[in-house]
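Numbering (the numbering used here), first residue to last: 4 to 136.
All C-beta atoms, glycine included, are put in the ideal place defined by N, C-alpha and C.
Notes follow the structure.
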């Protein structure tokens, strides 16, 4: 059993910070469970373009408000607490934040924690053997 708190992750190498967001990576590929879990904060007034070409991501909003726009269709959806979006087709998207958003993100395949968004907003596919494998 793994039990972990956000306080344990703060200011470690699993706490990734950018100009527009902060991602606390709670469960990573090294745990060997087939997915990773992150708590992400998106800062008010920001706009971020993402494309997870190598991952499927589910995002559950727990706090804040904004919108997500599907770049392929132009369709925009409201984001607020209780909303989940699933990028099940590696969807290119833009998130615009009106009020700071906190969300729980699940990635498959799991991220290692070393990924950095490239110029297209893509995480590279980095694989890692689970700890103890």
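Enumerate in chain order the residues of its own chain whose CB-to-CB distance from residue i is below 7 Å, with the five nearest sequence positions on each side excluded.
i, result
"residue 70", "79, 80, 81, 82, 99"
"residue 113", "31, 32, 37, 38, 39"
Using a 10 Å radius around the Cβ and a threshold of 16 neighbouring Cβ atoms, would you call residue i buried or exposed?
i, result
"residue 41", "buried"
"residue 10", "exposed"
"residue 45", "buried"
"residue 58", "buried"
"residue 7", "exposed"
"residue 77", "exposed"
"residue 116", "buried"
Under 8 Å Cβ to Cβ from residue i, same chain only, skipping five residues before and after it: list those, please.
i, result
"residue 5", "30, 34"
"residue 96", "52, 53, 54, 71, 72, 73, 74, 90"
Kindly give me the distance between the Cβ atoms of residue i and residue j, rounded to whole angstroms, as I take these residues to be in contact under 8 Å.
i, j, result
"residue 67", "residue 102", "5 Å"
"residue 105", "residue 65", "5 Å"
Spell out the partners DSSP gives residue i in its beta bridges.
i, result
"residue 45", "24, 104"
"residue 109", "40, 61"
"residue 99", "50, 70"
"residue 19", "26"
"residue 89", "61"
Under 6 Å Cβ to Cβ from residue i, same chain only, skipping five residues before and after it: list those, please.
i, result
"residue 111", "38, 59"
"residue 49", "23, 100"
Hey, is residue i's beta-carbon within less than 7 Å of any beta-carbon in chain D?
i, result
"residue 32", "Here there is only one protein chain, and chain D is not present."
Quick check on the DSSP output: what are the complete beta strand (DSSP E) runs of length 3 or more inside the region 39 to 85, in order along the chain? 39 to 45, 50 to 53, 59 to 73, 79 to 82
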